[in-house]
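Colleague:
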Amino acid sequence: MPRFAVLDVARGFALAAMVIFHCAFDLDTLGLATLDVGGDPRWRWFARLIAGSFLALSGMSLVIAHIKGMRWNAYFRRLAMLAGAALLVTLATWYGMPREFIFFGILHSITVASIIGLVFLHLPWPVTLIGAILVLLAPEFIAVPLFDPPWLRFLGLSTITPATLDFEPVFPWLSPFLAGMAIAQLGLPRFAKSSAAAWRPKDALFRAFGFAGRHSLAIYLVHQPVMFGTLSLVAQLTMPGASVSEEDRPFVDACRSVCASRGGEQADCLSYCLCTSGELKKAGIWESVLAERLTPQERERLGTSMQICAKGNPGAEIAKP
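In the numbering used here, the protein residues as written are 1417 to 1737.
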């Protein structure tokens, strides 16, 4: 089966959307913008749409590549690349952010789905679609403490939400993959004879998206380290000393959000919140603040710390996270 340029372009669009999301996440994390990427439901749904698009396109690609017969060498080569890339992401995030490392993100999900998808490859499309629906609904009815152990959480049937930067578990994220397979099983015979199948991009923009779609795995692995490193340098140049440690991030993010909601400037809010976290540690009440168990005396010391930092950052509103 020939490669369809329209799918490469679609994958390129999904990749561009992912870059936009990661850029927003980096800007928010580094204090260069207050976007509340982690808390705003619009950003969360944007991320889910991107992940679903990649999984659906991967499901379509599995059908297109092997519906007329398994090309095992090509299949195992692609599977090895996906698994290797997923492992690389896990190791890199475990090293850089051990408390939120990615143990089952989008690449892990596509890898496992590519294996499970073989079961549905030659089934009628209604069966595959029913499978997609059942997988989507499963977490609502099957999630039980039995699946709470860390080594089972990748299934998505746990009652615990793991702390991780990216999480697309088998249930429900196998669903868009199977849905993509069902769409291809249903529409491939007619699509292969249509003008859309023969379409080739002539516009430079669409050619660029097509190129990105054909090299999506490499771009996925490279773009975030490059972008985060570049923006980190910008943050250091524009806001010296404004880097946030992993330990301080939850407090600082909450503090910045409150500060910004009260009219504080982004740079001032970040500086104020970093100052406050430092003063709380000096005062010996950092752990009590994080646990939200403050004695009257500790509350007084909290107020003093906030006042000290507010005086040094007049552009920031007083904000207790």
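C-beta: ideal position from N, C-alpha, C; glycine also.
Give the straight-line distance between the Cα atoms of R1623 and R1616, rounded to the nearest whole angstrom.
Modeller: About 8 Å.
Colleague: Which residues bound the alpha helix (DSSP H) around G1629?
Modeller: 1620-1630 is the span of the alpha helix (DSSP H), which, as asked, contains G1629.
Colleague: Report buried or exposed for W1461, applying the criterion of at least 16 other Cβ atoms within 10 angstroms of its Cβ.
Modeller: Label assigned to W1461: exposed.
Colleague: Measure the C-alpha to C-alpha separation of M1434 and P1712 and round it to an integer number of angstroms.
Modeller: So the alpha carbons of these two residues sit roughly 46 Å apart.
Colleague: Assign F1520 to one of three DSSP states: helix, strand, or coil.
Modeller: If DSSP states are grouped into helix, strand and coil, F1520 belongs with the strands.
Colleague: Select from T1527, L1446, W1510, S1477 the residue whose C-alpha is nearest the C-alpha of G1500.
Modeller: Residue T1527 is the option with its Cα nearest to G1500.
Colleague: What residue range does the alpha helix (DSSP H) around V1674 cover?
Modeller: Note, V1674: alpha helix (DSSP H), 1665-1677.
Colleague: Could you check the C-alpha separation between W1459 and V1453 for me, to the nearest Å?
Modeller: Straight-line Cα distance between these residues: approximately 6 Å.
Colleague: To the nearest whole angstrom, what separates the beta carbons of D1442 and L1647, a pair I think is in contact under 8 Å?
Modeller: About 5 Å separates the two Cβ atoms, so the contact holds.
Colleague: Should S1677 be labelled buried (16 or more other beta-carbon atoms within 10 Å of its own) or exposed?
Modeller: By the 10 Å Cβ count, S1677 comes out exposed.
Colleague: From what residue to what residue does the alpha helix (DSSP H) around H1438 run?
Modeller: 1421-1445 is the extent of the alpha helix (DSSP H) around H1438.
Colleague: Flag this pair as yes or no: are the beta carbons of A1598 and F1607 separated by less than 9 Å?
Modeller: In this structure, F1607 does not lie closer than 9 Å to A1598 by Cβ.
Colleague: Which partner residues does F1583 have in the DSSP bridge list?
Modeller: Answer is F1520, bridged to F1583.
Colleague: Using a 10 Å radius around the Cβ and a threshold of 16 neighbouring Cβ atoms, would you call R1709 buried or exposed?
Modeller: When all chains shown are included, R1709 counts as exposed.
Colleague: Taking only three categories from DSSP, how would you classify R1709?
Modeller: It is coil, neither helix nor strand.
Colleague: Can you name, in chain order, every residue of its own chain whose Cβ lies under 6 Å from the Cβ of F1420, other than the five neighbours on each side?
Modeller: Around F1420: A1613.
Colleague: Assign P1641 to one of two classes, buried (16 or more other C-beta atoms within 10 Å of its C-beta) or exposed (fewer than that).
Modeller: The residue in question, P1641, is exposed, as its Cβ has fewer than 16 Cβ neighbours within 10 Å.
Colleague: Give the range of the alpha helix (DSSP H) segment to which E1681 is assigned.
Modeller: Where E1681 is concerned, there is no enclosing alpha helix (DSSP H), given that its DSSP letter is neither H nor E.
Colleague: Give me, in chain order, the residues of the same chain whose beta-carbon lies closer than 7 Å to that of A1692; leave out the 5 immediate sequence neighbours on both sides.
Modeller: According to the sequence provided, residue 1692 is Thr. The question's Ala does not apply to it. Excluding positions up to five away in sequence, the list reads C1671, S1721, M1722, C1725.
Colleague: Under 8 Å, with one C-beta from each stretch per pair, do the region 1517-1536 and the region 1565-1583 reach the 3-pair mark?
Modeller: The answer is yes - the region 1565-1583 touches the region 1517-1536, with three or more Cβ pairs under 8 Å.
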